[in-house]
Amino acid sequence: MEFALISMVLSIATAVIIGPYIISKLRSFKFGQNVRLDGPESHLTKQGIPSMGGFIFLSVLTVMGSILSGFNAEILFMILVTLSFGLIGFLDDYLKVKKKSSDGLSAKHKMLYLLIFGLLAGSVLHFGLNYSSIVIPFINQEISLGIFYLLFVVIFFAAVTNAVNLTDGIDGLSSSVTIVVLLFFVLVSLAAEDKEVLFFSLTLIGSLMGFLYFNRFPAKVFMGDTGSLALGGAVGILSLLTKTELLLILVGIIYVIETLSVIIQVGYFKKTGKRVFKMAPIHHHFEALGWKETKIVRVFSLVTLIMVVGTYLLM
């Protein structure tokens, strides 16, 4: 526990130190944010703010996580899974910059890559680590899926990464919510005495806290899909390793609500030509109602914290 906390503190400091350098490089490469024209008017001022800021916390996580863990195999696996989904995000961000548009990878190509990396991670879990079951929450009933565990993992990663990605829409939101979600894995790993999950979770928390120093309102940098898809990969692999996949529905309630708001908005609009929300994902709905970005971040983070504590106590 002490060593994991040291890693977290060092990760915070390192992210704060290297942040300005990476931000300046992103700015010099003209990796700026391309704002959606159909988004909130207040976001037009964010045009050109450096994106791909996920490089800040991903580089810290990779270096600190690898070296301080003594290149522990399980931690390296978690880092690799995180980076693999971050790579998809980078391709998406890069194409947005190249096209000078808010559209990067096509939805089909992005989903294809998510499914491929999900299958690769699932193969390691199933064939390498002998994972083949999920646990029904609160009754602790384990259900073996056999080879179909691979299909579950593929779908799970696709769902989680997209959900986390949708949450990244205002300054500091995805970072803050995910930090709180990661606290759940800290609690679970402490109870299970899982040193690897504890170390990875705290190191990522530290990396994100350092990044949040630059990403909080008014943001000096955005994580981009590079960061949001990577975070989805990290949350996904932590859930799978701790067999808390189904509990993520509660712990990651904000991810779920953000995703459902988009599904409801799109489906209802196609059917009736009308909108349920002023804008989707739902954090933009609250913006349209007059909520400040900082208020949305505080409320969403508090809701997540309540769900994390409540879920853990009921386990």
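If you read the sequence shown in the numbering used here, its first letter stands for residue 1258, the second for the next number, and so on.
Just so you know, even glycine gets a beta-carbon here, dropped at the ideal spot from N, CA and C.
Buried versus exposed, by CB contacts within 10 Å (16 or more), residue i
i	result
Glu1259	exposed
Gly1567	exposed
Asp1360	exposed
Ile1427	buried
Tyr1406	buried
Gln1398	exposed
Tyr1278	exposed
Phe1457	buried
Nearest-angstrom Cα separation, counted from residue j out to residue i
i	j	result
Gly1481	Phe1471	13 Å
Leu1447	Leu1455	7 Å
Phe1526	Ile1520	10 Å
Met1466	Thr1529	43 Å
Ser1264	Gly1524	45 Å
Asn1419	Phe1334	21 Å
Phe1413	Leu1562	22 Å
His1541	Asn1422	14 Å
Gly1490	Val1410	11 Å
Ser1323	Ile1313	16 Å
Val1320	Lys1531	49 Å
Leu1439	Val1273	20 Å
Ile1343	Tyr1388	The question names Ile, yet the displayed sequence has Gly at residue 1343. Each residue's alpha carbon lies about 24 Å from the other.
Ser1285	Phe1479	15 Å
Phe1347	Thr1483	4 Å
Ile1393	Ile1400	7 Å
Gly1501	Gly1493	Residue identity differs from the one stated: residue 1501 is Thr in this sequence, not Gly. Approximately 10 Å between the Cα atoms of the pair.
Leu1386	Glu1450	18 Å
Leu1325	Lys1535	47 Å
Val1437	Val1565	8 Å
Tyr1569	Ile1404	30 Å
Pro1475	Asn1329	37 Å
Residue i: first and last residue of the uninterrupted alpha helix (DSSP H) it sits in
i	result
Gln1522	1510-1529
Asn1329	That residue, Asn1329, is in no alpha helix (DSSP H); it is neither H nor E in DSSP.
Gly1547	No alpha helix (DSSP H) contains Gly1547, which DSSP labels as neither H nor E.
Phe1534	From DSSP, Phe1534 is part of no alpha helix (DSSP H); its letter is neither H nor E.
Met1480	First-last for Met1480: undefined, no H or E at that position.
Gly1467	1452-1472
Ala1378	1364-1380
N-terminal and C-terminal residue of the beta strand (DSSP E) that residue i is part of
i	result
Glu1502	That residue, Glu1502, is in no beta strand (DSSP E); it is neither H nor E in DSSP.
Beta-ladder partner(s) of residue i, from DSSP
i	result
Gln1304	Answer by DSSP bridge pairing: none, since Gln1304 is not bridged.
Ile1400	Ile1391
Gly1426	In DSSP, Gly1426 forms no bridge with anything.
Gly1289	Pro1307
Anticipated Cβ contact below 8 Å, residue i with residue j, distance rounded
i	j	result
Ser1558	Pro1538	Actually they do not touch by this definition, with Cβ atoms about 16 Å apart.
Leu1503	Ile1391	7 Å
Val1354	Lys1287	7 Å
Leu1352	Leu1340	That belief does not hold up - the Cβ atoms of Leu1352 and Leu1340 are roughly 19 Å apart, past 8 Å.
Ala1378	Val1338	5 Å
Leu1262	Leu1459	6 Å
Leu1469	Ser1432	5 Å
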